[in-house]
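S.K.:
Protein chains in written order, with this note's numbering: chain B, 28 to 450; chain E, 28 to 450.
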């Protein structure tokens, strides 16, 4: 314990405990046996702050939004003791349990029971434990202009079940917060757990000393964005070997996904993925869009825009043969998405085979296959969906080994040119 | 210093320092005089991890993406000593300096010099300080189906400058990472700095003990999402009193902004804001879209989906008169966006008057006006842009005092019904 030097001459009224897990007085949280098939044996993730001593995780709920919650408490706008009333919040459609949930090391970056806490840990909740969902499942209708256009062009036909004539598609959608089981994360990257904990602590500028001081806490809820999943077709078909699965794993690109920036193929490819998902659902399968909050290859948007400038201004202009180099100069690596963790969500959905993977990226394909999922077909983006300024990206990616029927050579690479900054 | 208990029997080869700011051996970072008009007096934000002793901030760059960087280092994929090569990355258009940058307390949640570090701190960079941009400015062409539709419907006319006949709009776009000056943040919320630091530390489960132990460090780079700004028209016109400004401040809603979910008006209102921005730019003004990463009113998407379920399942179904209550039951508050900080970006852009504010929200209007910006007109979303299932949201917001010509009474509120979960 430590009494802080006041910054404005005032002393706080009680000492600040420099650990979030004081060990005295409060009941200890149930132990976690990660991967146990029975939720009672697995144990609930307790990461709330209403009873600090009862926690069994480092960090807290809501990913990076935990900071807004903390600010709201500091500003006196939120009672820190508030506990959610979870009445009527249970999943709008059941998902799982599936055998993958208890296969060793299969899922390490989300809590497979995260949407079912009300059911799986009913007893603990009744005892008064503050257990919160880390996954939520709801239903929605979505409407995208590209899908209306696909109907108009005759590529999709309304069936009034998956898709209606107005272009509205029915979905089950899922929000997932990250829950990292640190021993499994370390294994996934082939490093020891101490190296992982040390890296996470030191290379964030000293976030969460308990990563170091509390090796008994094996769970970490990192303050990062999570994933959203959009399911087309009846989710009850998931986990059945005969169900055909179409899937796009999409990493957030706000500039394209929302604003339609023409320097990349992100939104067009996403829309094409949704079209394939709707088609598959109409044929009795399930379409799966995974949307990961990994802006700018998880380098963030500031780095992304710095790289855009460097690409546009380099000698010879924006060229496919220097596409990755410029990112490496600025960021130190061309990519920080760490796709090693990405297949977890597919296993959570009970997927063992993807019939149509709507992605050209080997950085996605390889970890999916390495994680034990069979991929039957890879669906490229149709050429007519590639925006004007995105040819540089496409050629660079093809040359870097993205799946393609045609690998451009050095001469072609030098040819694909992007727009100049002033244009 | 402390040698951690190894989790796998191995001892790390060097002790782990449980502070990110060891005070010995390395040069001290230049002091920060926040709000100083001259950047040399203000001092650079030094938050990199390549020379820990030289830092003058808590936390590090890239917001929540700092975790991915840390993981990449831990996994051996990134050299922790990498320094960005910032060649050719300078802003594609100059922004500022504006008088607001040095008005006391005007800007406390971003670094106004963040995009200009190469210029403003050239001397320090030459001395070897690792100073990184927290803002990046680039140019782009964007294409949104709603804008093409506005041209088709005759609401927008292409001018080949701001907008071409194919529906491509020219923008200057800006990515901004959060940089919090803690004394100013505390003032903004009317609390003392110790309360703020304590809340941020304790209510995140113990993130960054230096918030408590190092009151001399007044800057905090929180691991949250930042903002993107899209500017329509020549940004050189910013800061001139005669320039007409259209503006929408939009808070991220992935389900609507990207996927077109019909339960809210987010994307339709955003698209309408862009239409107004293009129109204003064509008339010689500047259109400003601010896109804040505040998913689900900064409660995060898991909470948002839990609330959707509770709304749809409550007795009487989804109704406007219970719209905010369901969020409060789950989250403890109806909203956590803390709009008190939101006007900072407008002041950074040199804005003193908004001619057309494309928002009905008093939660946005009031802090903007309270911060000293004049708002001349408020532009509601046209009725024909409100999606099928979003009437509940609209009526609830109107009744809660969102700007509107028509405030619905209790009978009307009880009438607006949303779709059921199974539908």
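For every residue, glycine included, the Cβ atom is placed at its ideal position computed from N, Cα and C.
Identify the contact partners of residue 216 of chain B in chain E, using a Cβ-Cβ distance below 9 Å as the criterion.
M.R.: Here the neighbours are 98, 101, 102, 103 and 104.
S.K.: Taking Cβ-Cβ distances shorter than 7 Å, what residues in chain B pair up with residue 223 of chain E?
M.R.: The answer, in chain order, is 101.
S.K.: Given this structure, state the Cα-to-Cα distance separating residue 305 of chain B from residue 288 of chain E, to the nearest angstrom.
M.R.: Taking the straight line joining both Cα atoms gives about 15 Å.
S.K.: Check the Cβ-Cβ distances between residue 80 of chain B and every residue of chain A, and say whether any is below 9 Å.
M.R.: Chain labels in this structure do not include chain A; the protein chains are B and E.
S.K.: Just verifying my parser: in three-state terms, what is the DSSP assignment at residue 36 of chain B?
M.R.: Its pLDDT being 39, under 50, residue 36 of chain B is placed unreliably in this model, and the value from its coordinates should be taken loosely. Coil at residue 36 of chain B, not helix or strand.
S.K.: Residues of chain E with a CB under 8 Å from the CB of residue 251 of chain B: which are they?
M.R.: Result: 91, 92, 94, 95 and 250.
S.K.: Using a C-beta to C-beta distance shorter than 7 Å, which residues of chain E count as neighbours of residue 341 of chain B?
M.R.: Going along chain E in sequence order, the residues near residue 341 of chain B (Cβ under 7 Å) are 115.
S.K.: For residue 210 of chain E, which option in E:161, E:133 and E:439 has the closest C-alpha, if you only look at C-alpha atoms?
M.R.: Closest by alpha carbon: E:133.
S.K.: Please return the same chain residues whose Cβ sits closer than 6 Å to the Cβ of residue 191 of chain E, not counting the five positions on each side in sequence.
M.R.: Contacts found: 185.
S.K.: Consider the Cβ of residue 345 of chain E: report whether some Cβ of chain B lies at a distance smaller than 9 Å.
M.R.: So, not an interface residue.
S.K.: Alpha carbon to alpha carbon, how far is residue 91 of chain B from residue 369 of chain B?
M.R.: About 19 Å.
S.K.: I need the boundaries of the alpha helix (DSSP H) containing residue 114 of chain E, first residue and last residue.
M.R.: Note, residue 114 of chain E: premise wrong, no alpha helix (DSSP H); not H, not E.
S.K.: May I have the straight-line CA-CA distance separating residue 142 of chain E from residue 245 of chain E, to the nearest angstrom?
M.R.: So the two alpha carbons sit approximately 20 Å from each other.
S.K.: Quick check on this structure: which residue in B:163, B:301, B:154 and B:316 has the alpha carbon closest to the alpha carbon of residue 113 of chain B?
M.R.: The residue with the shortest Cα to Cα distance from residue 113 of chain B is B:163.
S.K.: Quick one: does residue 204 of chain E have its CB under 9 Å from some CB of chain B?
M.R.: Yes, residue 204 of chain E counts as interfacial toward chain B.
S.K.: What's the C-alpha gap between residue 115 of chain B and residue 213 of chain B?
M.R.: So the two alpha carbons sit approximately 37 Å from each other.
S.K.: So residue 256 of chain B and residue 317 of chain B are supposed to be a Cβ contact under 8 Å. How far apart are they, rounded?
M.R.: Contact holds; Cβ gap of about 5 Å.
S.K.: Taking any Cβ of chain B, which residues in the stretch 141 to 153 of chain E have a Cβ under 8 Å from it, in chain order?
M.R.: Cβ contacts with chain B come from no residue of the stretch 141 to 153 of chain E.
S.K.: Could you confirm whether any beta carbon from chain E is found closer than 9 Å to the beta carbon of residue 4 of chain B?
M.R.: Shown here, chain B extends from 28 to 450; a query on residue 4 of chain B therefore has no answer.
S.K.: Per DSSP, residue 167 of chain E forms a beta bridge with which residues?
M.R.: Answer is E:198, bridged to residue 167 of chain E.
S.K.: Determine, using beta-carbon pairs with one atom in the stretch 96 to 105 of chain E and one in the stretch 347 to 365 of chain B, whether at least three such pairs fall under 8 Å.
M.R.: Yes, the stretch 96 to 105 of chain E touches the stretch 347 to 365 of chain B.
S.K.: In three-state terms, what does DSSP make of residue 28 of chain B?
M.R.: Reliability of the predicted coordinates at residue 28 of chain B is poor, the pLDDT of 33 falling under 50, and the value obtained from them is presented with this limitation in mind. It is coil, neither helix nor strand.
S.K.: Smallest Cα separation from residue 124 of chain E: which of E:266, E:70 and E:60?
M.R.: For residue 124 of chain E, the nearest C-alpha among the options comes from E:266.
S.K.: In the stretch 66 to 106 of chain E, which residue ranges form an unbroken beta strand (DSSP E) of at least 3 residues, counting only runs that do not cross its ends?
M.R.: Those beta strand (DSSP E) runs which fall completely within the stretch 66 to 106 of chain E and span 3+ residues are 84 to 86.
S.K.: Apply the 10 Å Cβ neighbour rule to residue 403 of chain B and answer buried if 16 or more other Cβ atoms are within range, or exposed otherwise.
M.R.: So residue 403 of chain B counts as exposed.
S.K.: Quick check on DSSP: helix, strand or coil for residue 248 of chain B?
M.R.: Strand.
S.K.: With a CB to CB cut of under 8 Å and the five nearest residues on each side skipped, what residues in its chain are close to residue 195 of chain B?
M.R.: Same-chain partners within the cutoff: 168, 169 and 170.
S.K.: Let me know if residue 416 of chain B comes out buried or exposed under the rule of 16 or more other beta-carbons within 10 Å of its beta-carbon.
M.R.: When all chains shown are included, residue 416 of chain B counts as buried.
S.K.: Any beta carbon of chain B sitting closer than 9 Å to that of residue 364 of chain E?
M.R.: Yes - at least one Cβ of chain B is within 9 Å of the one on residue 364 of chain E.
S.K.: So with Cβ pairs under 9 Å, would you call residue 436 of chain E a contact of chain B?
M.R.: No, residue 436 of chain E lies away from the interface with chain B (no Cβ there is under 9 Å from its Cβ).
S.K.: Work out the CA separation of residue 197 of chain B and residue 188 of chain B for me, nearest whole Å.
M.R.: In a straight line, the C-alpha of residue 188 of chain B is about 7 Å away from that of residue 197 of chain B.
S.K.: Is it buried or exposed for residue 100 of chain E, if we count other Cβ within 10 angstroms and need 16 for buried?
M.R.: Flag for residue 100 of chain E reads buried.
S.K.: Please tell me whether residue 275 of chain B and residue 284 of chain B are closer than 9 Å, where the distance is taken between their beta carbons.
M.R.: No.
S.K.: Under 9 Å between the Cβ atoms of residue 199 of chain B and residue 262 of chain B?
M.R.: Yes. Within cutoff.
S.K.: Exposed or buried, what is residue 110 of chain E when buried is set at 16 or more other beta-carbons lying within 10 Å of its beta-carbon?
M.R.: Exposed is the call here.
S.K.: Looking only at C-alpha atoms, which of E:66, E:435 and E:89 sits nearest to residue 423 of chain E?
M.R.: Selected option, being the one with the closest Cα: E:435.
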